[in-house]
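Enquirer:
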Amino acid sequence: MARRKAGQRVVLDDTGGLEDEDIIVFGKEEIEESLQICAKSLIGRILADRSFGVGTVEGAMRTIWSHPKGFKVMDLGDNLFQFFFEKEVDLVRVERGAPWLLKNYIVNIKRWEEKDINNNDELSQVPIWVQLWGIPEHYKSKELRRKIGGTMGEVVEVDFYSMRGRESRILKVKIFMDATKPLRRSLRIARPNRNVIELSVKYERIGTFCNYCGHLGHESRGYNQHLEDSIKGEVQEEKWGNWLKAKQVGWRVESYKENANPNIPKVEISRIEGPKKQTPVNLLRSFANLSMQENSGENEQVESKSKENNSGNGACEKIMADQRERLLLVHKKCGDKEDFNDGRTESEANEEKRKGGLKGVEEAVSSDFNIG
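The sequence shown begins at 1 in UniProt numbering and counts up one residue at a time.
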């Protein structure tokens, strides 16, 4: 009698059992806890021609996914892994961020479901962003964009994006692409009785693919057919290349914005942006203070050089300044509105000081203190 593998599924017959052995039957309530744990997990397959160990995968994806709480990985064999999360928000964030790359190979993920996890067909559909370049401006309509995207695969999202370069607005489509088929290098569109227009195709975060056969997960140098053709001397020209990889992502623009009033023409394009934020007042003041400090520093440097050039008069000026401050304090305590400038008011003394320099102050202080 052939021995069954661990975990192999069997089907009960009409009698509820098998003749050669007993089957342990259990209910869903007995695995409820395990089901809840698995409900917050993802199944992922690494599309690569090399094997990855669970330690490498867990360490790399923990970092790539920003260290989700309670994260752990289980190896299911054949580059198939189950990723467990403690928080639903982390799982959703990772799920929506697909596709992910590990060492430049796509990690194709999907939500865990209570059925055969070894179904290769479901994990062969990769969510990928595709850029379509070269669509004439008068063809960039709301109706045509989804029709074009549908020729690439199951459409998840489609819209126009703004880009840098000669073509400022392109069509981007997020599709479920069949990883078992070669990458499409171009698309062709045409109106009836018009010339055919060929569109360039570029893929975002596509990872490693073969330039010889166009499939994901391996390079041409390790592709068996390429090696066999090399031995026979029948190597064909590579039809795929790095030009299929997108160099920029762009930002979404809103096309054909719908208006409630049908008499108002539709807006062709308006970039989705929030209102421009004004510069905070306190920040402006900080810049102003910095500018004043810089000017103050320059003035101090000029004054410092001036004092160095007039070092002979510096000591005398310091003595007179100190005496002037002491006298001013005495007058303020006495409640006098006039200061020590020979009975003149402060404004009059300042005006005279402006016209004659320090001469008026020196004379006043010398007179009060019998200096000189």
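All C-beta atoms in this analysis are idealised placements derived from N, C-alpha and C, irrespective of residue type, glycine included.
When you compare the region 43-50 with the region 210-230, are there three or more beta-carbon pairs, one atom per stretch, that lie closer than 8 angstroms?
Expert: yes
Enquirer: Quick check on the DSSP output: the alpha helix (DSSP H) that includes Gly-150 runs from which residue to which?
Expert: 142-150 is the span of the alpha helix (DSSP H), which, as asked, contains Gly-150.
Enquirer: Might you give, ordered along the chain, the residues of its own chain that have their beta carbon closer than 7 angstroms to the beta carbon of Asn-79, omitting 5 neighbours on each side?
Expert: Arg-45, Ile-46, Ala-48, Ser-51 and Phe-52
Enquirer: The beta strand (DSSP E) with Ile-31 in it runs from where to where?
Expert: It is not in any beta strand (DSSP E) - Ile-31 carries neither H nor E in the DSSP assignment.
Enquirer: Taking Cβ positions, are Arg-188 and Ile-175 nearer each other than 8 angstroms?
Expert: no
Enquirer: Is it right to say Phe-26 is buried, meaning 16 or more other beta carbons lie within 10 angstroms of its own, or is it exposed?
Expert: With fewer than 16 neighbouring CB atoms inside 10 Å of its own CB, Phe-26 falls in the exposed class.
Enquirer: Per DSSP, what kind of secondary structure is Pro-262 in: helix, strand or coil?
Expert: Because the pLDDT at Pro-262 is just 43, under 50, the model does not fix this residue reliably, and the value given afterwards should be weighed accordingly. Looking at Pro-262 - three-state DSSP - the assignment turns out to be coil, as it is neither helix nor strand.
Enquirer: Are there 16 or more other CB atoms within 10 angstroms of the CB of Pro-192, so buried, or fewer, so exposed?
Expert: exposed
Enquirer: What are the complete beta strand (DSSP E) segments, minimum 3 residues, inside the UniProt domain "DUF4283" (38-115)?
Expert: 41-46, 72-77, 80-84, 100-102 and 105-111
Enquirer: By Cβ distance below 8 angstroms, which residues in the same chain neighbour Glu-238 in space, the five residues on each side in sequence not counted?
Expert: Asn-211, Tyr-212 and Ser-220
Enquirer: Does the Cβ of Gln-131 have 16 or more other Cβ atoms within 10 Å, making it buried, or fewer, making it exposed?
Expert: buried
Enquirer: With a CB to CB cut of under 6 angstroms and the five nearest residues on each side skipped, what residues in its chain are close to Met-74?
Expert: Gln-82
Enquirer: For the beta strand (DSSP E) containing Ile-170, list its first residue and its last residue.
Expert: Here the beta strand (DSSP E) through Ile-170 covers 169-178.
Enquirer: What do you get for Ala-321, buried or exposed, if any count of 16 or more other CB atoms within 10 angstroms of its CB means buried?
Expert: exposed
Enquirer: How many angstroms separate the CA atom of Glu-114 from the CA atom of Leu-91?
Expert: 17 angstroms
Enquirer: Would Gly-165 and Val-158 be called neighbours here (beta carbons separated by less than 8 angstroms)?
Expert: Contact: no.
Enquirer: Pick from Ser-124, Trp-133, Arg-194 and His-67: whose alpha carbon is nearest that of Thr-180?
Expert: With distances taken between CA atoms, Thr-180 lies nearest to Ser-124 out of Ser-124, Trp-133, Arg-194 and His-67.
Enquirer: First and last residue of the beta strand (DSSP E) that includes Gln-131?
Expert: 125-133
Enquirer: Give the DSSP-derived three-state secondary structure of Arg-191 in the structure shown.
Expert: In the three-state reduction of the DSSP assignment, Arg-191 falls in the coil class, being assigned neither a helical nor a strand state.
Enquirer: Would the beta-carbon of Arg-205 fall within 8 angstroms of that of Leu-101?
Expert: yes
Enquirer: Shortest alpha-carbon distance to Phe-71 belongs to which of Pro-136, Pro-99 and Cys-38?
Expert: Among Pro-136, Pro-99 and Cys-38, the Cα nearest to that of Phe-71 is on Cys-38.
Enquirer: When the Cα atoms are used, what is the spatial distance from Ser-141 to Trp-129?
Expert: 19 angstroms
Enquirer: Between the alpha carbons of Val-253 and Ser-162, how many angstroms are there, rounded?
Expert: 6 angstroms
Enquirer: Provide the residue span of the beta strand (DSSP E) that contains Leu-199, from first to last.
Expert: 197-203
Enquirer: Can Phe-85 and Lys-40 be called in contact, C-beta distance under 8 angstroms?
Expert: yes
Enquirer: Could you compute how far the alpha carbon of Leu-76 sits from the alpha carbon of Ala-190?
Expert: For Leu-76 and Ala-190, the distance between alpha carbons rounds to 47 angstroms.
Enquirer: Please state the DSSP three-state secondary structure of Arg-252.
Expert: strand
Enquirer: Since I believe Ile-43 is in contact with Lys-110 (beta carbons under 8 angstroms), could you give me their beta-carbon distance rounded to a whole number of angstroms?
Expert: 6 angstroms
Enquirer: Count the other C-beta atoms from every protein chain shown that fall within 10 angstroms of the C-beta of Leu-183, then say buried if there are 16 or more, exposed otherwise.
Expert: By the neighbour-count rule (16 or more Cβ atoms within 10 Å), Leu-183 is buried.
Enquirer: For the alpha helix (DSSP H) holding Glu-154, just list the boundary residues, first then last.
Expert: Run containing Glu-154: none in the alpha helix (DSSP H); it sits in the beta strand (DSSP E), 154-162.
Enquirer: Does the distance from the C-beta atom of Gly-153 to that of Leu-199 stay below 8 angstroms?
Expert: no
Enquirer: So, with DSSP's three-state summary, where would you put Lys-276?
Expert: Because Lys-276 sits at a pLDDT of 49, beneath the cut-off of 50, its placement in the model cannot be relied upon, and the point is left open.
Enquirer: In the DSSP output, which residue or residues are listed as bridge partners for Ser-186?
Expert: According to DSSP, Ser-186 shares a beta bridge with Ser-200.
Enquirer: Rounded to the nearest angstrom, what separates Ala-246 and Glu-33 at their Cα positions?
Expert: 44 angstroms
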